[in-house]
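*Asks:* Numbering (UniProt numbering), first residue to last: 1 to 212.
What follows is the structure in structure tokens.
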């Protein structure tokens, strides 16, 4: 019973993080849309569901497959990222250099693996936020994994499914050049900064663990 309750709690934390990740990405594009540069629209290849035709059913089935595939892939990648950067590497560095230095160094490493110079500040701030979220959720990784998976899967679905497009005259400092990196622009960076401030890990959690 106890183990079942723990698993249920972890699943709940994951979905809370997942919902948060979806909201982060939608917030970035919504603000850019309000600024007049992003277009959130219904794809032309998706007919109204009310028609009930076989073609419509097939089109919506393809979207569902796209969402599920994106979510599964993003969850797998997020699991590896969080185990590496928010668990193993952070603990190893903290032994010799301290908790906050470990968060900073592991965050820099996390931002560099994405091979995008423009995204480094955003991913560094996101890494700080993820470390703080892990601390808030009793040192477990379920919520950070969910948040990261939500960010990646939502970005993938919006771009691949044709739900979001940016105008040609969008300033380079506002638009993201990579569909899975919504933090290239000023809006994404600002949201990451807000998350880092809200969830900043002020002190080391006593019961911090390593499991997800």
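Ideal Cβ positions, reconstructed from N, Cα and C, are used throughout, including at glycine. All of these numbers come straight from a predicted model, not from anything done at the bench.
How far does the alpha helix (DSSP H) with residue 75 in it extend, from its first residue to its last?
*Replies:* That run of the alpha helix (DSSP H) goes 54 to 83.
*Asks:* What separation, rounded to the nearest whole angstrom, lies between the Cα atoms of residue 149 and residue 196?
*Replies:* Taking the straight line from one Cα to the other gives about 18 Å.
*Asks:* Drop a sphere of 10 angstroms on the beta-carbon of residue 81, count the other beta-carbons inside from all chains shown, and report buried for 16 or more, exposed for fewer.
*Replies:* It counts as buried.
*Asks:* Do the region 61 to 77 and the region 113 to 131 meet, that is, are 3 or more Cβ pairs less than 8 Å apart?
*Replies:* Too few Cβ pairs lie closer than 8 Å, so no.
*Asks:* For residue 10, collect the residues of the same chain with a Cβ closer than 6 Å to its Cβ; drop the 5 residues on either side in sequence, then sort them by chain order.
*Replies:* So the qualifying residues of the chain are 142.
*Asks:* Checking 7 Å against the spacing of the C-beta atoms, do residue 131 and residue 201 come in under that value?
*Replies:* Their beta carbons are under 7 Å apart, which means residue 131 touches residue 201 by this criterion.
*Asks:* Report buried or exposed for residue 187, applying the criterion of at least 16 other Cβ atoms within 10 angstroms of its Cβ.
*Replies:* That one is buried.
*Asks:* Mind checking which residues open and close the alpha helix (DSSP H) that includes residue 143?
*Replies:* Segment 142 to 160, the alpha helix (DSSP H) holding residue 143.
*Asks:* Is the distance from the Cβ of residue 146 to the Cβ of residue 128 below 7 Å?
*Replies:* No, Cβ-Cβ distance for residue 146 and residue 128 is not below 7 Å.
*Asks:* Assuming contact is defined by CB atoms lying nearer than 7 Å, are residue 123 and residue 85 in contact in what I supplied?
*Replies:* Contact: no.
*Asks:* With three or more C-beta pairs closer than 8 Å as the rule, is the region 88 to 95 touching the region 167 to 179?
*Replies:* Counting Cβ pairs under 8 Å, fewer than three are found: no touch.
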